[in-house]
Amino acid sequence: MTLIVSIYRSPKKEGTYLYVEKAKGLERVPEPLLKQFGKPELAMTLALTSERKLARVDAAKVMDAVVEQGFFLQLPPVPQAGKPSDVA
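Sequential numbering of the sequence shown, starting at 552, is according to the working numbering.
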């Protein structure tokens, strides 16, 4: 199965992304989440398959969430104690 998704970045929280089905847009995303997320900025649109490699999340999990609940929210990684941060 191939799912065409739009990926939006949050202007409020760096590293936070919202995946939605392109054809349905943001209509299934709850209003309180959109309010916290800020005005969504389109980062990219892509054809997603369960085999596709994504940087920080499993594509199959993203697809399941988008189909079942209408969106997938990707949060930034949590820094681990004792490891240097990517942020200078």
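Heads up, the beta-carbon is just placed ideally off N, CA and C, and yes, glycines get one too.
To the nearest angstrom, how far is it from the Cα of residue i to the Cα of residue j?
{"i": "Pro581", "j": "Gln631", "result": "30 Å"}
{"i": "Glu592", "j": "Ala574", "result": "17 Å"}
{"i": "Pro583", "j": "Phe622", "result": "14 Å"}
{"i": "Val646", "j": "Glu602", "result": "Since the first residue of the chain shown is 552 and the last is 639, residue 646 is not available in this structure."}
{"i": "Lys604", "j": "Thr596", "result": "15 Å"}
{"i": "Tyr570", "j": "Val629", "result": "20 Å"}
{"i": "Glu619", "j": "Glu578", "result": "14 Å"}
{"i": "Gln625", "j": "Leu599", "result": "15 Å"}
{"i": "Ala606", "j": "Lys590", "result": "23 Å"}
{"i": "Ile558", "j": "Phe588", "result": "13 Å"}
{"i": "Glu649", "j": "Asp609", "result": "Past the boundaries of the shown model lies residue 649; the chain is included only from 552 to 639, so the question cannot be answered."}
{"i": "Val613", "j": "Arg560", "result": "15 Å"}
Kindly indicate which residue of the options has the alpha-carbon position closest to the one of residue i.
{"i": "Lys586", "options": "Ser557, Leu554 and Lys563", "result": "Lys563"}
{"i": "Thr553", "options": "Leu626, Val617 and Thr567", "result": "Val617"}
{"i": "Ala594", "options": "Thr567, Pro628, Val608 and Lys612", "result": "Thr567"}
Between residue i and the rest of its own chain, which residues show a CB-CB distance below 8 Å, the 5 nearest in sequence each way excluded?
{"i": "Pro627", "result": "Lys564, Glu565, Gly566 and Thr567"}
{"i": "Gly576", "result": "Ser557"}
{"i": "Ala611", "result": "Ser601"}
Given residue i, which residues of its chain have a CB within under 6 Å of its CB, disregarding the five upstream and five downstream residues?
{"i": "Asp615", "result": "none"}
Every unbroken alpha helix (DSSP H) inside the region 554-631 [4 residues or more]: 582-588 and 610-620
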